[in-house]
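Enquirer:
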Amino acid sequence: MRNILAAAAILFLAACQTRPITTTQEHPVPPGAQALPLNAIELAIVEAGARRGWRFQHLADGQVRATYTKWPWVAEADVLFSNRSYRIQYVSAKNMERSNDGVERAYNRWVGNLERDIAARLDQIATRR
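Residue numbers for the sequence shown follow our numbering, beginning at 263 and rising by one.
(1) Return the CA-CA distance between Ala295 and Gln287, expressed in angstroms with no decimal places.
(2) Does the beta-carbon distance from Trp335 to Asn370 come in below 8 Å?
(3) Assign Leu376 to one of two classes, buried (16 or more other C-beta atoms within 10 Å of its C-beta) or exposed (fewer than that).
(4) Provide the residue(s) that pair with Val326 in DSSP beta bridges, ordered along the chain.
(5) Along the chain, where does the alpha helix (DSSP H) containing Ala295 start, and where does it finish?
(6) Quick one: using the 10 Å Cβ neighbour count with 16 as the cut-off for buried, is Trp372 buried or exposed?
(7) Taking Ile350 and Val326 to be in contact with their CB atoms under 8 Å, please state how far apart those CB atoms are, rounded to whole angstroms.
(8) Label Trp316 either buried or exposed according to how many other C-beta atoms from any shown protein chain fall within 10 Å of its C-beta, with 16 as the threshold for buried.
This is the structure we're talking about:
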């Protein structure tokens, strides 16, 4: 029993590792999707993130706030986009922030998944046009 508790504690500590906040790069919108109106690109971003449980709030033309909650953690990021490119910008990581400007590694994984999902959705739209 003691070995099981020790193993569980080690796994918990490994899962809660702190990482620097990942800054996403500017990604080009695929050429086949660049002719889309801005609201269609926004819809593609929302559809891509909704599949993993992200919720979105329209902030301005070319900007949506993405929120992902996995109790007790809440990740927020702004997706800034145009017809030519998009990027994801850190807003907050409630209950995930750590010392030295780090966050739980789950934040970076969630944002990385969102980044890949947006790219895949835009590629899918571009190939249909």
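Positions of the beta carbon are idealized from the N, C-alpha and C atoms, including for glycine.
Expert: In terms of the structure at hand:
(1) Using only the alpha carbons, I get a separation of about 19 Å.
(2) For Trp335 and Asn370, no; Cβs fall outside 8 Å.
(3) buried
(4) His320, Val341
(5) Segment: none, Ala295 is in no alpha helix (DSSP H) and carries neither H nor E.
(6) buried
(7) Not quite, the Cβ-Cβ distance comes to about 10 Å (not below 8 Å), so this is no contact.
(8) Its Cβ being crowded by 16 or more others within 10 Å, Trp316 is buried.
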